[in-house]
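Chemist:
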């Protein structure tokens, strides 16, 4: 009596599973880099919106507004009124992979007119790149520059 079953051996199944796992991993690795880039882009877009909102709040409410970065070694930026009784407007996390850079401006103040109190640069440095938030002299304008 000869039984011949047409099935797969354990070795064949393990080989097929290994090939699928390698293909799946090859697809996932680039996706992780893309998600990091998208998260960074979302962070900078949110920061830009918050800065515009802080500037508008200063003009509309006729109060100074201070924006602080990496205050007390924390990975946060805070936006508050610049008065004796500081009112917190926004507090958001800065992604952990950005590190504080010496020479970076610790804060900026939007005056009642919407103009800034000084000009300078805030650096956001990660392993792959460095992004500068540059505040210009005068009208309270700013822009991001990626290096």
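Residue numbers (my numbering): 1059 to 1205.
Heads up, the beta-carbon is just placed ideally off N, CA and C, and yes, glycines get one too.
Values in this document were obtained by computation on a predicted structure and should not be read as measured data.
What residues are listed by DSSP as bridge partners for residue 1199?
Modeler: Beta-bridge pairing links residue 1199 to no other residue.
Chemist: Determine the direct distance from the alpha carbon of residue 1083 to that of residue 1103, and round the result to whole angstroms.
Modeler: 31 Å
Chemist: Can you tell me the Cα-Cα spacing of residue 1168 and residue 1137, whole angstroms?
Modeler: 10 Å
Chemist: Which residue from 1133, 1157, 1165, 1123 puts its Cα closest to that of residue 1146?
Modeler: 1123
Chemist: Nearest by alpha-carbon distance to residue 1116: which of 1187, 1171, 1177, 1192 is it?
Modeler: 1171
Chemist: Measuring only the C-alpha atoms, how far is residue 1125 from residue 1139?
Modeler: 9 Å
Chemist: Determine which residues share a DSSP beta bridge with residue 1178 and list them.
Modeler: For residue 1178, the pairing in a beta bridge is given by DSSP as 1193.
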